[in-house]
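Take a look at the structure set out below.
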Amino acid sequence: MKKVTISTSNKSYNVFIGNNILRTVLNNFIFPKYNSLFIVVDDNVWKNYKTFLSEVFGSEAKYKFYIQKSGESRKSFESIQGITESLLKNNFGRDTLLIAIGGGVTGDLAGFAASVFMRGIKLVHIPTTLLAAVDSSIGGKTGINFKGYKNIIGAFHQPELVIIDTKFLSTLPAGEINSGTGELVKYAFLTDKDYYDFLNNNFNKIYKLDEKVINKLIYKSVLFKGSVVSQDEQESSLRKILNLGHTFAHAYESVLNYSIKHGEAVCAGIISALYLSYKKEILSERKLNQYLQLPLKMILTDNLIIKNVNKAVKFMYGDKKNREGEIRFVLLNDIGKIITNVKVDKSEIVYAIKMTNRLIEKNILV
């Protein structure tokens, strides 16, 4: 079992990473300290692990499982209302520890509920998807969608603990593994050449859930994101680099009505960011052609093609990262060399989207 400590200006917490570690971490760090547990569990996780979770939590004095339906459309005020009503109905108060067990949707939703219930209760993340393990469970971002805009309502709410038990990954469908790989691709460009080369050389082993490869990539991703969050908790400067590809990705998710997974959108978004970096003369043509090969290793489908380009651009103008009515992009000069707050023209955005469409069309699975 490995441990990464994340320290922000407000708190310090640990991220534990390993296989079959949940019971041990709960027994050592949760059960002795908290006796009022409200556990939000993704319904797919519940189907696969109901017996296991019931055994792990079954001896505690006060606990309740709240089964949350999965899917991006569930990140809504209605879902927040459902969680809040259950908390009140079952007499949970400010001493409650809310535990989120699931993927990015569950973590974002339950985390936001924890941030607003009684002006904030304590939170623990137990990510069960590759994407949540390497990215969304770390750093304290929570949120729900509204009027088609991704995570437009939310709060920063750091957890008390994150438990990444890779046991849960064994039952993931191929689509979820592919989605998580999209975030790994992002970290390959953000971190350094060693990470990039390791991911590039072991790409197929991710889809086979090779334990040594998966554990190393999760650990390295958490270590990197943790260091960024520790320096810039609320995304005023350095943390913006973590949004590489995400301005495009969130717009793609919105315009496609969340019919694609977040990691797939991130993959398409990174391709678009590479093209935009080239268009802005930040990235050379040689590096563009070289770096495009990594996201193209993912499983791509024609579902990722953006037919309504203008609608995608419109969603970008509503992105929460914008300033003074202008879209600000995170672009790439080289591996580990990220430029933030880049202003672009609409024509340049359109170029990047159209080039992304063209590339995906050439590389989709037949």
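Residue numbers (the numbering used here): 144 to 509.
Glycine included, each C-beta is placed from N, C-alpha and C at the ideal position.
Treat the numbers as computed from the prediction; the structure is a model and nothing was measured.
Can you tell me whether residue i is helix, strand or coil according to DSSP?
i: Q374; result: helix
i: V509; result: At V509 the pLDDT is 43, less than 50, meaning the model places this residue with poor confidence and gives no usable figure here.
i: P438; result: helix
i: I413; result: helix
i: E469; result: strand
i: Y177; result: coil
i: H268; result: strand
i: V365; result: helix
i: S155; result: strand
i: Q224; result: helix
i: S279; result: helix
As a quick exercise: from the options, pick the residue whose alpha carbon is nearest that of residue i.
i: N514; options: N400, K440 and F255; result: Because residue 514 is not part of the residues shown, which for the chain are 144 to 509, the question remains open.
i: S313; options: M498, E198, T499 and T271; result: T271
i: S415; options: N294, N343 and A495; result: A495
i: I264; options: D353, G286 and S179; result: S179
i: A411; options: T167, L502, I210 and V183; result: L502
i: I403; options: Q224, Q433, S322 and R429; result: S322
i: N432; options: I442, L443, L419 and H405; result: L419
i: H268; options: N157, V487 and T194; result: N157
i: E319; options: V493, E504, N288 and I442; result: I442
i: V168; options: T194, A275, Y192 and E303; result: E303
i: F200; options: I413, F174 and G225; result: F174
Round the Cβ separation of residue i and residue j to the nearest angstrom and send it over; I've been treating them as touching at under 8 Å.
i: I478; j: K368; result: Wrong, their Cβ atoms sit about 16 Å apart, outside the cutoff.
i: D186; j: K212; result: 5 Å
i: A317; j: S258; result: The pair is not a contact, with the Cβ atoms about 33 Å apart (cut-off 8 Å).
i: V409; j: G388; result: 5 Å
i: L266; j: G254; result: 6 Å
i: T249; j: V183; result: 6 Å
i: I384; j: T444; result: In fact, because the Cβ distance is near 28 Å, the residues do not count as touching under 8 Å.
Using 7 Å as the cut-off, classify the Cβ of residue i as near or not near the heavy atoms of the ligand GTP, replying yes or no.
i: I242; result: As far as ligands go, the structure on display features none, and thus does not contain the ligand GTP.
Give me, in chain order, the residues of the same chain whose beta-carbon lies closer than 6 Å to that of residue i; leave out the 5 immediate sequence neighbours on both sides.
i: S364; result: V277 and Y330
i: V524; result: Nothing in the structure corresponds to residue 524, since the chain is present only between 144 and 509.
i: Y362; result: K145 and I160
By Cβ distance below 7 Å, which residues in the same chain neighbour residue i in space, the five residues on each side in sequence not counted?
i: N163; result: D308 and K310
i: F235; result: S179 and F181
i: V487; result: L419, K423, I470 and F472
i: T151; result: Q301, V372, S373 and E376
i: F437; result: Here residue 437 is Leu; the residue named in the question, Phe, does not match the sequence. If we look at L437 and ignore the five residues flanking it on each side, its Cβ neighbours are V328, A331 and N343.
What residues in its chain sit with their C-beta under 8 Å from that of residue i, if we drop five residues either side in the sequence?
i: R217; result: Q211, V248 and L252
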